[in-house]
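Converting from the sequence shown to the working numbering requires adding 63 to each position, the first position being numbered 1. The structure appears below as structure tokens.
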Amino acid sequence: MRSWVLLLLLLSAALLRLGSAEGDPLPPSLVDLVRNSPISSVDDLKLLLQQEANAIGNKEEDEHDTLADHTHGRYARSLMEAQPAQQAVCKVRTEVMEVKRSMLDRHNANFMLWPPCVEVQRCSGCCNNRLVQCVPTVTSSRNLQVIKIQYVNMKPKYEKAIITVEDHITCRCQFQTPAPQPPPSLSHSQGLPRSLQPGSQKTLTSKADLHRHDDLKHNQQRHHPEEQPVAKQWQQGSSAHWTRLHQSPAHAQPGVYQ
Numbered sequence: 064m065r066s067w068v069l070l071l072l073l074l075s076a077a078l079l080r081l082g083s084a085e086g087d088p089l090p091p092s093l094v095d096l097v098r099n100s101p102i103s104s105v106d107d108l109k110l111l112l113q114q115e116a117n118a119i120g121n122k123e124e125d126e127h128d129t130l131a132d133h134t135h136g137r138y139a140r141s142l143m144e145a146q147p148a149q150q151a152v153c154k155v156r157t158e159v160m161e162v163k164r165s166m167l168d169r170h171n172a173n174f175m176l177w178p179p180c181v182e183v184q185r186c187s188g189c190c191n192n193r194l195v196q197c198v199p200t201v202t203s204s205r206n207l208q209v210i211k212i213q214y215v216n217m218k219p220k221y222e223k224a225i226i227t228v229e230d231h232i233t234c235r236c237q238f239q240t241p242a243p244q245p246p247p248s249l250s251h252s253q254g255l256p257r258s259l260q261p262g263s264q265k266t267l268t269s270k271a272d273l274h275r276h277d278d279l280k281h282n283q284q285r286h287h288p289e290e291q292p293v294a295k296q297w298q299q300g301s302s303a304h305w306t307r308l309h310q311s312p313a314h315a316q317p318g319v320y321q
């Protein structure tokens with residue numbers, strides 16, 4: 064099989080050298096190989112094709128061996144090439160911080176700052192206990208000069224501005240105390256005591272009391288109409304008597320007592 068392939072390649076190369084245009088188009092890789100190789104005879108062509116065939120065969124064998132022992136080989140190479148893991152201790156490291164417009168003016172958004180980011184010193188790393196965190200113990204502030212870019216009358220306007228950034232100086236692992244949470248806000252009706260809430264002054268009565276009150280009110284309206292004023296009421300035995308007050312002008316006379 065290999066000899067037939069070599070013969071076919073040899074024939075194709077020979078036809079290419081002779082300028083023949085018959086047959087199927089040759090592979091571009093074969094054409095490049097023949098053109099870029101110093102061939103002066105047919106023996107040189109045979110030697111070139113033989114070397115190419117051996118290289119292809121060795122590559123296929125290497126790929127087969129690699130696939131056969133892929134897992135073991137990769138694991139062995141990984142152990143040889145892997146580096147021991149080092150803990151990222153809690154210390155100051157250089158980090159990149161975004162330069163925001165709010166660092167200069169919180170109420171204006173019609174400008175931009177350059178550069179868009181700067182380097183700052185920040186505490187980072189992990190601690191051996193999950194209950195502690197890497198926090199800064201000493202910090203310092205420094206001023207940076209940036210360029211403020213605005214557009215005025217459709218033209219860029221450049222100004223120098225100063226922003227303040229904070230750097231961490233020293234760090235350590237310590238217990239992070241949670242920030243006190245504000246109490247939940249209560250509505251006005253919920254904050255008032257039950258005795259002062261609207262509607263709490265009304266007392267609940269039973270249905271019997273409500274019916275008794277309605278009957279008493281109805282009897283009073285039937286026996287005592289309200290068209291005429293009532294002057295006086297007194298008790299005689301077990302019945303009640305009412306007297307009507309006749310409105311008449313009262314004249315005070317000397318020596319007469321009413």
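C-beta atoms are modelled at their ideal positions from N, C-alpha and C, and glycine is treated no differently.
Asked                                                                                                                                                                : Found
Using the C-alpha atoms, what's the distance from V183 back to F174?                                                                                                 : 23 Å
Tell me the DSSP secondary structure of N117 in three-state form.                                                                                                    : helix
What's the C-alpha gap between Q264 and H274?                                                                                                                        : Confidence is the limiting factor: at Q264 the pLDDT is only 49, short of 50, which leaves the residue's position unreliable, though a coordinate-based value still follows. When rounded, the distance between both Cα atoms is 21 Å.
Please return the same chain residues whose Cβ sits closer than 6 Å to the Cβ of L167, not counting the five positions on each side in sequence.                     : A224, I226
Quick one: grab the DSSP three-state call for H231.                                                                                                                  : strand
Would you please state the rounded distance, in angstroms, between the beta carbons of L176 and I210? I believe it to be under 8 Å.                                  : 7 Å
In whole angstroms, what separates the C-alpha of S204 from that of A145?                                                                                            : 41 Å
Which value, in whole angstroms, describes the spacing of the CA atoms of P219 and I212?                                                                             : 7 Å
Below 8 Å on the Cβ atoms is my guess for G188 versus V152; work out the distance and round it to an integer in Å.                                                   : 5 Å
Using the Cα positions of L207 and P179, report the straight-line distance between them to the nearest angstrom.                                                     : 12 Å
So, for L110: in the same chain, excluding its five sequence neighbours on each side, which residues have a beta-carbon less than 8 Å away from its beta-carbon?     : none
What is the C-beta distance between C190 and C234, in whole angstroms, given that I count them as a contact (C-beta under 8 Å)?                                      : That belief does not hold up - the Cβ atoms of C190 and C234 are roughly 10 Å apart, past 8 Å.
So what does DSSP say about A145, is it helix, strand or coil?                                                                                                       : coil
Can you tell me whether L142 is buried or exposed, with buried defined as 16 or more other CB within 10 angstroms of its CB?                                         : exposed
How is R164 classed by DSSP in three states: helix, strand or coil?                                                                                                  : helix
May I ask which residues mark the beginning and end of the beta strand (DSSP E) holding L176?                                                                        : 175–177
Would you kindly work out how many angstroms separate the C-alpha atoms of C186 and N171, rounded to a whole number?                                                 : 31 Å
R275 by DSSP, collapsed to three states: which one?                                                                                                                  : helix
Please report the Cβ distance between V195 and F238, rounded to the nearest whole angstrom; I am assuming they are in contact, meaning their Cβ atoms lie under 8 Å. : 5 Å
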